[in-house]
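**Q** So for the sequence shown, our numbering puts the first residue at 1431; every next one is plus one. Okay, handing you the structure first.
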Amino acid sequence: MRQQIRFAALHYRYGPHTLGNDLDANERAIFPCLAHFATAMYAELEAVELRQRITLLEQKLKAPNQRVR
């Protein structure tokens, strides 16, 4: 999944030039760095979401009459 997000982010943000010319060596060289940061950002967003979910579930455990969604 993370690998797919890497490629999607690179494709949509740094895809082909509007005029159709090829990416140069400098542009291609930044892809690994961009992929690394995109993966780290995805992991951070996932961690935030999981922390929020844990907090919600902990609150639900304290109030057993509520349903867990």
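From the three backbone atoms N, C-alpha and C, an ideal C-beta is built for every residue, glycine too. As the structure is a prediction and not an experimental result, all values here were calculated from the model.
1. Between which two residues does the alpha helix (DSSP H) containing Leu-1486 stretch?
2. For Glu-1488 and Ala-1477, I'd like the C-alpha separation in whole angstroms.
3. Run through DSSP, which three-state label would Asn-1451 get?
**A** Concretely, from the data shown:
1. Counting from 1 along the sequence shown, the entry for residue 1486 is found at position 56. Counting along the chain, the alpha helix (DSSP H) containing Leu-1486 begins and ends at 1461-1492.
2. In the sequence shown, the residue the question calls residue 1488 occupies position 58. In the sequence shown, the residue the question calls residue 1477 occupies position 47. The straight-line gap from Cα to Cα measures roughly 16 Å.
3. By 1-based counting over the sequence shown, the position of residue 1451 is 21. Asn-1451 falls in the coil class under three-state DSSP.
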